[in-house]
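Residue numbers (my numbering), protein chains in the order written: chain U, 5 to 270; chain G, 5 to 270; chain H, 440 to 831; chain Z, 440 to 831.
Note that the Cβ used here is the ideal one computed from N, Cα and C, for glycine as well.
Below is one structure, written out as structure tokens, with a few remarks after it.
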Amino acid sequence: MSNNFTFLNTSDRAVLSVFLTAGYPNNAACGELLDLLATHPAVSFVELGMPFSDPLADGPTIQRASEVALSKGTTLNDVFSLAERFRSKCEKPLMLMGYCNPVYRRGVETFVKDARSAGASGLILPDLPYESHHRDFASVLDSTGLSMAFLVSPTSTEEAMAKAFDTSTAFVYGVANVGLTGDAQSMDRGAFFHRIQPYRFQSPLVAGFGISTPSDVAGLDGLVDGVIVGSAFLRALGSVDESALNVEEVVNRANEFLKPFNPVVK
Amino acid sequence: MSNNFTFLNTSDRAVLSVFLTAGYPNNAACGELLDLLATHPAVSFVELGMPFSDPLADGPTIQRASEVALSKGTTLNDVFSLAERFRSKCEKPLMLMGYCNPVYRRGVETFVKDARSAGASGLILPDLPYESHHRDFASVLDSTGLSMAFLVSPTSTEEAMAKAFDTSTAFVYGVANVGLTGDAQSMDRGAFFHRIQPYRFQSPLVAGFGISTPSDVAGLDGLVDGVIVGSAFLRALGSVDESALNVEEVVNRANEFLKPFNPVVK
Amino acid sequence: MHHPIIKHGYYGEFGGQFIPEMLRKNFIDLEAAFNEAWGDSKFQRAYSNLLRDFVGRPTPLQKAERWSERCGVEVWFKREDLAHTGAHKINNAMGQVLLALRMGKRRIIAETGAGQHGVATATACAWAGLPCTVFMGAEDMERQKPNVERMRLLGAEVRSAQTGSKTLKDATNEAMRYWIAHPEDTHYIIGSAVGPHPYPMMVADFHRVIGEETKATLEGLGLQPTHLVACLGGGSNALGLFLPYLDDETELVGVEAGGEGLDSGRTAATIERGSPGILHGAKTMILQDSEGQIEEAHSISAGLDYPGIGPLHSHLAATGRLQTAAISDGEALEAGLLCTRLEGILPALETAHALAWTLKADWSGHEMVVLNLSGRGDKDLQMYTSRRGHNE
Amino acid sequence: MHHPIIKHGYYGEFGGQFIPEMLRKNFIDLEAAFNEAWGDSKFQRAYSNLLRDFVGRPTPLQKAERWSERCGVEVWFKREDLAHTGAHKINNAMGQVLLALRMGKRRIIAETGAGQHGVATATACAWAGLPCTVFMGAEDMERQKPNVERMRLLGAEVRSAQTGSKTLKDATNEAMRYWIAHPEDTHYIIGSAVGPHPYPMMVADFHRVIGEETKATLEGLGLQPTHLVACLGGGSNALGLFLPYLDDETELVGVEAGGEGLDSGRTAATIERGSPGILHGAKTMILQDSEGQIEEAHSISAGLDYPGIGPLHSHLAATGRLQTAAISDGEALEAGLLCTRLEGILPALETAHALAWTLKADWSGHEMVVLNLSGRGDKDLQMYTSRRGHNE
Ligand SMILES: Cc1ncc(COP(=O)(O)O)c(C=O)c1O
Ligand SMILES: Cc1ncc(COP(=O)(O)O)c(C=O)c1O
């Protein structure tokens, strides 16, 4: 059931999802973190970031994580290996999140098939236009059973909101921020997620970008089906200074970070 | 007879004249040099340079001498005092040579009268135009009896040559060089001084600029009434380093320099 | 859309809008505003008056006698070096600032590499009284200090991009990110004919005056060029010259920065050595590795040191309408020095690439070449000086 | 002579030819050649074509909106900063090089202070293929290294003047001396409307295009300026603007460099603080001591740092036609910074003096001012930068 997010619709409280960058802080530690997330009761699903040299929708934390991962030689094959490892541990959905260029570079069909074999559930490609999705992705996604999530943001037009719910096969990713992942811009989240409600149709709604505390999550209760915590999770892992990197310590920190989320999410 | 140069016309060999900058290498040494020149048998008359900040017709040696003299505070009054000292020692003609601006600054009439009282015979102002001479100098020179020397050069037109002989009341200063005082440019001096001959009329002809050795003088024999040695004389005085300046030594050097000229000039 | 060459934001297979949803509305608004303004004779008049009175247009089209003699072919220079701030870049900056004022925007952002576009934008903003933030790679800020100072004197804030290679590509990412975070009040002035639709065509349109003036002058003289030559950074000076000639027989030549050599791995020759990909919101030719990671470009000329190129250029090259060539760092330096001595024009190092090509090309002698002299080389003095020292 | 204002090389009591006999013939030849060329429509055509195609003329006449608002009066900028090499100086250099070619001269010499005239002359010579030697004070060479490099890149030889104050005045002496030593094959291009007749008028004539363009544009708009303002170094940019207006009612304002203050002893305000005297072959206002020795001028702006001024300016000031004022180093810097931020134009420090005056003057608000924006300030970046740093 790893590629079907309808379970989100049926739960009465928002579920928690965690984003982490493949290969960060290094390949081994990332594997351990995935193991933790696979078994952690508070975590309903996971986004695995595919590092890219020019991540223009990401804030400083995820940018930096991509840079570290790439500097350690992380490749798409590494991403897929990590996905496989995760899949071997659990049935939770796993989204691959990244940018178009590396996907097109591998070839969309190859990429999707490889992703599917590795056990991924779906894709989030923030810079993928709808036309390109229809032309290049739709049929191969269909035939492999991989799903796709599109974004809506506070600046989205009504049309764009309708389209996102119409087209997304995983969930709609609601950008809970004016800005980038991890940005601490103030905005009236409630107002935005209220504005989305009329367009909700079929696809579940998940909020991400700038969600970092249990109280952020509580504030969205009733408005969304799930939340994604990314930058805050990566920041909680602490310094990535290689010489000081202690995998056990990193995993402990992740565990600590997740603890307060237990009560607020299903 | 100090303001009359007709004696030049009557001698059969070129006489020697020496140029030195007032206040160079310092006021005292300059005074001693004038004493030497006053009594030296080879020297028929003297040009005393009035130092100017922007001596654009002068080569490096005289430029430098002006700079040194000015840096030691030499003023026009100092120039006149030196002239007085010279006049107290001899009857030889003394020309004051300089640029227009300091003369106009003092006031032409005042300047000429002061110069006359100090015992000067005449003026050489290479940057004085004929019109300015006529308007500003002619009558006061006339009334004081001071004379004036104008230049002719290898680029002078025929008109200019005629005018120089017509207007000069001291002598005509023939520029024996393409270039500046002291310049070592090669030119056919003989050709130039031959070209002048037809214009010679009334005023004697004296060659200057770049005359430095007895053989230079010998080369002009029969073509001019006199020669002026300037840069070469100043150079012969040696270093002007104040700490090492030894007036006696300077005067000795001047004497040494003049020795070889004895046989060639009257 | 008034450009028949574009279909839904694409030039053939290139172009598009590969942007996150957070920017979509900005692009919808921008495209509408630009199309409306561009079709409005009042906007057009304000823009041309500004080009005339502030920028100094028309720039001369000069027959370069001694350069022609050296090349063995008639070469004319389109003198963009005489435009205010010293390069063509100001045409676009002024156009977009006018557009931003019309859209009621209250802040301008821009990215810059060598600082030329940053200076042009800061200049336009000073003129308009708009606050301006310029993003610049930390590395580039270090290398191009005088331009950083110029921007600051013009009242702009210069923000250093600390990510990635800390150069132009990263500054562009930062500018996009800032725009994502401030979508309402801010307009982003991209510095070349790159980026998501409508930027490539809009920027090119703000530069087409270069080609229009050229065409008008030459037609006045009864002349028709056989070749148009320009250097390719992002491609704006080239398109500006080429646009009015796209449907003519005239050959179009884009000269890329070969850097230390096409096969050295240290090059910026995007079309010659790159492959199709997606960068800064558009599908175009880019320098990338087998994983699809963007590679650092390398050129002695900071204005050509970019791993992408405008999508229209990719299309024109793919369809054979645009001929490309690469010139190495050394060839460009020598050509720049030669032009200085022969013509009394110190060209920008960017421009020197185009100049170098005219020296090397195989001419019959009957051609007539117009070269876009895209900028002056005062900013490159240091580089030229050490080359001259080295030659002597 | 075609200028009724000159009589026998004099403007009233000022002017003349205070030169040694060795240069007389050069001046006779030069005057004849210039008068003949200036009256020849072929020469005129060649000169205007060159100004159009190489220099980038006409330069814009721009209404400076934000500057006007700040001054409380309508101010228009005549944009000489957009001329090739960045200042008006090139008009004269091109004109004189054309004249030198016509006279069959085979070498050009020039003096330079900040290097602007040197760069303009080296540029003109590169264009013409004539060897060029520029004399520059040793002190100035040290202070203005980038311009020394620019001249060298243009193929000129730069010779250091080691005498006197080792600045512009001494470089001028050296150039004259070189000419005395090489009278036949060499033409000396003086950089401002100074020196012996016919230079002041010839240089002014080669710049009068500035005023002619201004007049033509304004007449086309039905406008008549009440004030023309320009900075005074040697006075060439000022005369270029003023000449066509000499017989009009328009007020002429020349702004001198006050340096550290008119009474500080460190000033370059020649008309305001000088007295009549003879310098570089002409009678004019100069800075001199009681002995008639020329004093060193002092200004933050190297192009105004000259103890003389053109003789026509002295005459116009003496007869009340030209109003003068002095602006201090600090006022000029601040005005330059303000113009950069308000108008997007980084002015030369020379020009900044004229700008500062428009800020200070007592306006009713009904005047219309044309200011000669004589050059761009890229060369002065360092100076502006440290002032900005100091202000913050
Ligand atoms: C003078 C000059 N020419 C060319 C370029 C390259 O840009 P583009 O290809 O957009 O014209 C630049 C960029 O800074 C430039 O400054
Ligand atoms: C830009 C600029 N303006 C003015 C001047 C002053 O010269 P002039 O008074 O001859 O115009 C200079 C001299 O270098 C200059 O470069």
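query: Just to confirm the assignment, what range does the alpha helix (DSSP H) spanning Gln-555/H have?; result: 555 to 567
query: Leaving aside the five residues before and after Val-83/G along the sequence, list all residues of the same chain whose C-beta is less than 6 Å from its C-beta, in chain order.; result: Ala-26 and Met-54
query: Cβ closer than 7 Å: which chain Z residues qualify as neighbours of Leu-761/H?; result: The premise fails here: Leu-761/H is roughly 28 Å from chain Z at the closest Cβ pair, so nothing lies under 7 Å.
query: Does DSSP put Leu-743/H in a helix, a strand or coil?; result: helix
query: Which residues mark the beginning and the end of the beta strand (DSSP E) in which Pro-750/H is found?; result: Counting along the chain, Pro-750/H falls outside any beta strand (DSSP E), though it belongs to the alpha helix (DSSP H) covering 750 to 757.
query: For His-626/H, name the three-state secondary structure that DSSP assigns.; result: strand
query: Using 8 Å for Cβ pairs, my map puts Gln-680/H next to Thr-653/H. What's the rounded Cβ distance?; result: The identity of residue 680/H in the sequence shown is Leu, whereas the question assumes Gln. Indeed they touch by this definition, with Cβ atoms about 6 Å apart.
query: Taking all protein chains shown into account, do 16 or more other C-beta atoms lie within 10 angstroms of the C-beta of Gly-720/Z, making it buried, or fewer, making it exposed?; result: buried
query: Just verifying my parser: in three-state terms, what is the DSSP assignment at Pro-202/G?; result: helix
query: Any C-beta of chain Z within less than 9 Å: which residues of the region 93 to 108 of chain G qualify?; result: Tyr-103, Cys-104, Asn-105, Pro-106, Val-107 and Tyr-108
query: Is the shortest distance between the beta-carbon of Lys-502/H and the beta-carbons of chain Z less than 9 Å?; result: yes
query: Between the alpha carbons of Gly-242/U and Asn-259/U, how many angstroms are there, rounded?; result: 13 Å
query: If you draw a straight line from the alpha carbon of Asn-586/Z to that of Ile-232/U, how long is it in whole angstroms?; result: 59 Å
query: Who are the neighbours of Tyr-823/Z on chain H, taking C-beta pairs under 7 Å?; result: Leu-592
query: Distance, Cα to Cα, Arg-257/G vs Thr-78/G?; result: 23 Å
query: From what residue to what residue does the beta strand (DSSP E) around Cys-670/Z run?; result: 666 to 670
query: Roughly how many whole angstroms lie between the Cα atoms of Leu-798/Z and Cys-510/Z?; result: 5 Å
query: Might you give, ordered along the chain, the residues of its own chain that have their beta carbon closer than 8 Å to the beta carbon of Lys-464/H, omitting 5 neighbours on each side?; result: Pro-622
query: Ala-211/U bridges to which residues according to DSSP?; result: Gly-178/U and Val-231/U
query: If we cut at 9 Å on Cβ distances, does Pro-622/H have a partner in chain U?; result: yes
query: Taking only beta-carbon atoms, is Phe-493/H less than 9 Å away from chain Z?; result: yes
query: Which parts of the region 688 to 714 of chain Z are runs of the alpha helix (DSSP H), unbroken and 4 residues or longer, counting only runs that do not cross its ends?; result: 709 to 712
query: Helix, strand or coil: which one does DSSP assign to Gln-501/H?; result: strand
query: Counting along the chain, where does the beta strand (DSSP E) carrying Ala-522/Z start and finish?; result: First-last for Ala-522/Z: undefined, no H or E at that position.
query: Rounded to whole angstroms, what's the CA-CA distance from Asn-250/G to Glu-36/G? Just pull it up for me.; result: 11 Å
query: At a CB-CB cut-off below 9 Å, which residues of chain U make contact with Tyr-705/H?; result: With the sequence shown as reference, residue 705/H is identified as Arg, and Tyr is not the correct amino acid for it. The premise fails here: Arg-705/H is roughly 17 Å from chain U at the closest Cβ pair, so nothing lies under 9 Å.
query: Do the region 567 to 578 of chain Z and the region 548 to 558 of chain Z make contact, defined as three or more Cβ pairs closer than 8 Å?; result: yes
query: How would you write the range of the alpha helix (DSSP H) that Ile-66/G sits in, first residue to last?; result: 64 to 75
query: Cutting at 6 Å between CB atoms, please list the residues of its own chain near Thr-551/H, excluding the five before and the five after it.; result: Gly-557, Val-573 and Met-575
query: Identify the continuous beta strand (DSSP E) that holds Ile-725/Z and give its terminal residues.; result: 721 to 725
query: When you measure from the CB of Glu-789/H to every non-hydrogen atom of ligand 1, does any distance come out below 8 Å?; result: yes
query: On the DSSP bridge assignment, give the partners of Arg-546/Z in chain order.; result: Thr-625/Z
query: When every heavy atom of ligand 1 is checked, does at least one fall within less than 8 Å of the C-beta of Leu-761/H?; result: no
query: Take Leu-127/G as the anchor and find which of Asp-220/G, Pro-97/G and Val-156/G has the nearest alpha-carbon.; result: Pro-97/G
query: Taking CB distances under 9 Å as the criterion, tell me whether Glu-470/Z reaches chain G.; result: no
query: Residues in the region 796 to 821 of chain Z with C-beta within 8 Å of chain H's C-beta atoms, listed in sequence order?; result: Asp-817 and Leu-820
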